[in-house]
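A quick write-up on the structure given underneath.
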Amino acid sequence: RALRFITACSPISYENVLKAKFPSDHQASCFAKHLYATTNEDFPNMETNIDDATIILFNALGFNDSDLITMSRKRLNLKMSNKMVHADVDLCVVNLKAMIRLVVVQDKIFDDYSDKYADCESQLVAEAVAAAMYNEKIIAKNRRRTVSAPAATGVNLSEIPSADTSVVSNQDRIFMMLISGLEIRFYAHKFSNMILNCIANEIEPNETTQIEKFSVMENGVKRHGLSLVDADDRAIIFRIMDSIQQTISTVLC
Numbered sequence: 001r002a003l004r005f006i007t008a009c010s011p012i013s014y015e016n017v018l019k020a021k022f023p024s025d026h027q028a029s030c031f032a033k034h035l036y037a038t039t040n041e042d043f044p045n046m047e048t049n050i051d052d053a054t055i056i057l058f059n060a061l062g063f064n065d066s067d068l069i070t071m072s073r074k075r076l077n078l079k080m081s082n083k084m085v086h087a088d089v090d091l092c093v094v095n096l097k098a099m100i101r102l103v104v105v106q107d108k109i110f111d112d113y114s115d116k117y118a119d120c121e122s123q124l125v126a127e128a129v130a131a132a133m134y135n136e137k138i139i140a141k142n143r144r145r146t147v148s149a150p151a152a153t154g155v156n157l158s159e160i161p162s163a164d165t166s167v168v169s170n171q172d173r174i175f176m177m178l179i180s181g182l183e184i185r186f187y188a189h190k191f192s193n194m195i196l197n198c199i200a201n202e203i204e205p206n207e208t209t210q211i212e213k214f215s216v217m218e219n220g221v222k223r224h225g226l227s228l229v230d231a232d233d234r235a236i237i238f239r240i241m242d243s244i245q246q247t248i249s250t251v252l253c
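Letter 101 of the sequence shown, counting from 1, is numbered 101 in full-length UniProt numbering, and no numbers are missing.
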């Protein structure tokens, strides 16, 4: 699927987007049109344009297939320093069968200042923490249901897996995407119980949390951002997203 969409999007370049020249493939054309709207000041709501382009990308790469569904503006509760706050996720992908595998997407258009990514990365991680806490509540709820549910005739309840939380737990990765205009950055992390508890209750953690950040080497320099209008970068983006899609769609709980 990723290879098909790589080919379909091959006519997309920065020059063609600026000239409103779009691919013949319908899905790739819709994707390119939203990229065009992102670059055109006549379409001022850039975050909406980015959302729409990302949803088309999710559809093309299977993020709404089977038990997966893309949700926009999902509000998640986030307990931080003994206080309950909210994290509004721009876009996330939920596995409806598992209800615990989310891909968190944060889209922003940046002004030109030196710490532009640091601020958005902090917000992105906060949303990922909220997603991990949400996942933990779902796991706990499934465990309670298993304990309290009546056993069926002739069936030993202890032999029925509740949600197979040993396979999918808070130790599994939360995948994150930070989209800035025509550029995407990828991140991932496994949030431990200890870290989530420390965040919730304002406790000094005894371990270091290091978010994984995808990078490519270019002329001996590490680069994190990948461009949607560069053919080589776009191929990498689609392959990464295809890998994420396979990971979150095959994990059952």
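Just so you know, even glycine gets a beta-carbon here, dropped at the ideal spot from N, CA and C.
Residue nearest to lysine 79 in terms of C-alpha spacing, selected from Arg4, Ala131 and Asn16: Ala131
Near asparagine 16, which residues of its chain fall below 6 Å by C-beta distance, leaving aside the five closest residues on each side in sequence? none
Could you give the first and the last residue of the continuous alpha helix (DSSP H) run that contains isoleucine 4? In the sequence under discussion, the amino acid at residue 4 is arginine, which differs from the isoleucine named in the question. It spans 2 to 8 - the alpha helix (DSSP H) in which arginine 4 sits, taken as one unbroken run.
Cα-Cα separation between threonine 7 and leucine 124, rounded to whole angstroms | 31 Å
Exercise for review: Put isoleucine 88 into one of helix, strand or coil per three-state DSSP.
Suggested key: Just to set this straight, residue 88 is aspartate in the shown sequence, not isoleucine. Correct three-state label for aspartate 88: strand.
Given this structure, state the Cα-to-Cα distance separating threonine 39 from serine 192, to the nearest angstrom.
40 Å
Problem set entry | CB contact flag (leucine 57, serine 249, <7 Å) | no
Notebook entry, point to check: Beta carbon of alanine 71, beta carbon of asparagine 77: below 7 Å?
Noted result: According to the sequence shown, residue 71 is methionine rather than alanine. Contact: no.
- request: Compare the beta carbon distance of isoleucine 55 and valine 129 with 7 Å and say whether it is the shorter of the two.
  value: no
- Query: What is the rounded straight-line gap between the Cα of aspartate 42 and the Cα of phenylalanine 238?
  - Reply: 28 Å
Other residues of its chain near glutamate 159: CB distance less than 7 Å, five sequence neighbours each side excluded = Below a pLDDT of 50, predicted positions are generally treated as unreliable, and glutamate 159, at 34, falls in that range; no measurement from the model is reported.
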